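Beneath this line is the structure, given in structure tokens, with notes to follow.
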Amino acid sequence: TSGAEVSSSVFLNTLTPKFYVALTGTSSLISGLILIFEWWYFRKYGTSFIEQVSVSHLRPLLGGVESGSTAGLFSSVNGDSEPRPSVSECKVWRNPLNLFRGAEYNRYTWVTGKEPLTYYDMNLSAQDHQTFFTGDTQQLRPEDAVMQKAWRERNPQARIRAAYQAIECAAAYVLLAEEEATTITEAERLFKKALIIGKKTPLTGKDINLLLGRIKEAVKMMRDLMKEFPLLGMLNIHENLLEALLELQAYADVQAVLAKYDDISLPKSATICYTSALLKARAVSDKFSPEAASRRGLSTAEMNAVEAIHRAVEFNPHVPKYLLEMKSLILPPEHILKRGDSEAVAYAFFHLQHWKRAEGALNLLHCTWEGTFRIIPYPLEKGHLFYPYPGCTETADRELLPSFHEVSVYPKKELPFFILFTAGLCSFTAMLAMLTHQFPELMGVFAKAFFSTLFAPLGFFADKMESFMPSSFWHQLTRI
Numbered sequence: 182t183s184g185a186e187v188s189s190s191v192f193l194n195t196l197t198p199k200f201y202v203a204l205t206g207t208s209s210l211i212s213g214l215i216l217i218f219e220w221w222y223f224r225k226y227g228t229s230f231i232e233q234v235s236v237s238h239l240r241p242l243l244g245g246v247e248s249g250s251t252a253g254l255f256s257s258v259n260g261d262s263e264p265r266p267s268v269s270e271c272k273v274w275r276n277p278l279n280l281f282r283g284a285e286y287n288r289y290t291w292v293t294g295k296e297p298l299t300y301y302d303m304n305l306s307a308q309d310h311q312t313f314f315t316g317d318t319q320q321l322r323p324e325d326a327v328m329q330k331a332w333r334e335r336n337p338q339a340r341i342r343a344a345y346q347a348i349e350c351a352a353a354y355v356l357l358a359e360e361e362a363t364t365i366t367e368a369e370r371l372f373k374k375a376l377i378i379g380k381k382t383p384l385t386g387k388d389i390n391l392l393l394g395r396i397k398e399a400v401k402m403m404r405d406l407m408k409e410f411p412l413l414g415m416l417n418i419h420e421n422l423l424e425a426l427l428e429l430q431a432y433a434d435v436q437a438v439l440a441k442y443d444d445i446s447l448p449k450s451a452t453i454c455y456t457s458a459l460l461k462a463r464a465v466s467d468k469f470s471p472e473a474a475s476r477r478g479l480s481t482a483e484m485n486a487v488e489a490i491h492r493a494v495e496f497n498p499h500v501p502k503y504l505l506e507m508k509s510l511i512l513p514p515e516h517i518l519k520r521g522d523s524e525a526v527a528y529a530f531f532h533l534q535h536w537k538r539a540e541g542a543l544n545l546l547h548c549t550w551e552g553t554f555r556i557i558p559y560p561l562e563k564g565h566l567f568y569p570y571p572g573c574t575e576t577a578d579r580e581l582l583p584s585f586h587e588v589s590v591y592p593k594k595e596l597p598f599f600i601l602f603t604a605g606l607c608s609f610t611a612m613l614a615m616l617t618h619q620f621p622e623l624m625g626v627f628a629k630a631f632f633s634t635l636f637a638p639l640g641f642f643a644d645k646m647e648s649f650m651p652s653s654f655w656h657q658l659t660r661i
């Protein structure tokens with residue numbers, strides 16, 4: 182035998198069973214710790230830490246380049262639409278159905294001790310308030326300057342104190358109604374004061390009294406706003422109008438609004454898509470039976486309802502679990518991401534009651550919504566009725582939704598390879614450690630046989646090299 186074989190044989194014979202127990206036990210412990218960390222990182226950030234490090238640091242060294250994928254958000258692929266935005270350009274929209282901070286969000290905090298709004302969400306609202314309720318920066322009055330700083334204050338009490346310093350300003354009453362009022366009635370009183378002051382000043386602000394009156398009054402007010410100020414479409418007032426009309430059960434008026442806004446060239450939303458599906462489902466759901474439908478097939482009206490549900494689910498696949506109460510609801514955020522979990526929460530929070538009111542509508546949704554995923558091409562390289570589902574929603578939703586809420590992710594992510602690998606490695610080494618502890622002599626024989634087999638090619642290679650190389654060369658190597 183060669184010197185390498187002799188050395189390896191001597192080394193293996195000196196190893197005791199305790200060494201193999203320690204080796205396998207340590208390997209199992211290390212792989213288990215890696216598995217726990219990988220699993221925690223995946224649950225928190227949605228990706229593998231090892232994979233992320235490999236992509237971020239190793240790929241550039243190897244000359245790899247990440248492909249710039251794009252994803253659309255709004256309109257159907259069947260008609261003319263605006264260009265598809267890239268993943269980094271996922272737009273966050275103001276939630277037209279957000280709640281009052283003092284009268285609703287803060288009451289939730291008092292009861293549960295949990296913060297329903299994230300700082301990122303509130304910071305976006307502060308920017309909105311500065312835009313909506315303060316005048317041109319070149320014509321700022323002293324109270325407007327105070328209110329501009331007030332909106333940016335992080336501490337709620339500091340914002341309220343600043344509002345009292347500018348109490349003659351309409352924006353101050355808006356802030357107090359939003360944050361200090363503890364009831365809707367008190368908020369309404371403050372909003373009316375803001376409206377009166379706003380009409381008296383030359384810088385007439387936007388009418389903010391949208392949802393404070395009774396439902397019929399609110400509907401009239403919203404119709405007037407949409408007629409007098411068409412540019413306020415950026416506030417999505419039509420979504421507030423749809424919700425108010427559904428509350429009145431004025432389904433013909435709802436259909437009329439949808440006919441105007443559910444247009445192929447206009448941006449879509451969960452409210453538009455799911456309200457359209459609700460109206461079509463309502464027409465057939467009271468008599469719908471899965472057993473009867475499987476025997477006789479779907480009627481034309483039922484087919485239209487199912488297609489509308491599939492269309493809505495493709496636009497926002499997170500909504501059905503909230504409507505079917507498979508996932509618990511939270512208070513909606515002040516801003517939403519189209520097609521994201523934040524939009525689903527905001528829609529279901531207000532519209533679940535309308536689906537419950539339509540007899541059988543939720544049953545029809547329950548029977549048909551999962552069929553959407555058999556229609557959408559997989560992998561999601563292209564959509565069916567809309568552009569492929571954007572890949573940026575999870576990150577943005579985690580910024581918008583509170584930490585105690587489990588963000589819904591679509592498509593459901595498969596476990597990364599490294600988690601599966603470390604799980605298998607941990608299980609295998611743990612099994613070896615247990616067997617070595619129970620049967621030390623037998624496992625020692627197996628280990629020696631394994632290492633002998635592993636080192637055999639090296640010994641064979643060393644023998645071949647020795648036959649080719651002169652003995653003086655090997656003598657010099659051994660001396661070194």
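Numbering (this note's numbering), first residue to last: 182 to 661. Backbone N, C-alpha and C fix where the C-beta goes; we use that ideal spot for every residue, glycine too. Please read all numbers here as calculations on a predicted model, not as lab measurements.
With fewer than 16 other beta carbons inside 10 angstroms of its own, Glu622 counts as exposed. In terms of Cα proximity to Leu305, the closest of Trp274, Cys607 and Gly294 is Trp274.
When beta bridges are read from the DSSP output, His516 appears opposite Arg275. Looking from the CA of Lys502, the closest CA among Glu472, Ala482, Asn544 and Glu540 belongs to Asn544. Judged by DSSP secondary structure, Trp332 falls within the alpha helix (DSSP H) whose first and last residues are Pro323 to Arg333. Ranking Ile377, Ile341 and Ile348 by CA distance to the CA of Glu361 puts Ile341 first. Ranking Gln534, Leu278, Glu420 and Thr549 by CA distance to the CA of His516 puts Leu278 first. Relative to Lys295, the option among Thr481, Ile511 and Lys449 whose CA is nearest is Ile511.
A Cβ-Cβ distance of about 19 Å is found for the pair Glu580 and Thr290, leaving them out of contact under the 8 Å criterion. Taking 8 Å as the cut-off, the Cβ atoms of Leu606 and Ser212 count as close. Residue environment: Gln430 is assigned as exposed (fewer than 16 neighbouring CB atoms within 10 Å of its CB, all protein chains considered). Contact between Glu334 and Gly283 does not hold, since the beta-carbon distance rounds to 15 Å and is not under 8 Å. Here the alpha carbon of Pro583 sits roughly 16 Å from the alpha carbon of Asn276.
Sorting Leu422, Ala343 and Lys199 by C-alpha distance to the C-alpha of Met402 places Leu422 at the top. Listed in chain order, the alpha helix (DSSP H) elements of length 4 or more contained wholly in the region 481-525 are 481-496 and 500-504. Burial state of Phe469 is buried, judged by a 10 Å Cβ sphere holding 16 or more other Cβ atoms.
Three or more beta-carbon pairs separated by less than 8 Å link the region 340-357 to the region 320-330, which places the two stretches in contact. In the three-state reduction of the DSSP assignment, Phe567 falls in the strand class, which pools E and B. In the structure shown, Ile378 falls within a helical segment according to DSSP collapsed to helix, strand and coil. Using a Cβ-Cβ distance cut-off of 8 Å, the region 456-475 and the region 550-559 are not in contact, since fewer than three pairs of beta carbons, one from each stretch, lie closer than that value. Judged by DSSP in its simplified three-state form, Glu622 adopts helix.
Residue nearest to Glu495 within the set Asn417, Ser450 and Val355 is Ser450 (criterion: CA-CA distance). Of all alpha-carbon atoms in Asp309, Pro337, Cys350 and Ser608, the one lying nearest the alpha-carbon of Pro323 is that of Cys350. A residue is called buried when at least 16 other Cβ atoms come within 10 angstroms of its Cβ; Pro297 meets this threshold and is buried. The beta-carbon distance between Leu427 and His535, rounded to whole angstroms, is 4 Å. This is short enough to meet the 8 Å contact definition.
Here Val202 carries a helix assignment [DSSP, helix/strand/coil]. Residue burial annotation: Asp522 is buried, with at least 16 other C-beta atoms found within 10 angstroms of its C-beta. Taking the C-beta atoms as reference points, Thr610 is found nearer than 8 Å to Ser209. His535 sits in a helix when the DSSP states are folded into three classes.
With fewer than 16 other Cβ atoms from the protein chains shown falling within 10 Å of its own Cβ, Trp221 counts as exposed. Taken in chain order, the complete alpha helix (DSSP H) segments of 4 residues or longer contained in the region 331-356 are 337-346. Here Arg395 carries a coil assignment [DSSP, helix/strand/coil]. Here the alpha carbon of Ala437 sits roughly 34 Å from the alpha carbon of Gly572.
In the displayed model, Phe632 falls within a helix according to three-state DSSP. The C-beta distance from Ala375 to Val355 rounds to 5 Å, short enough to fall under 8 Å.
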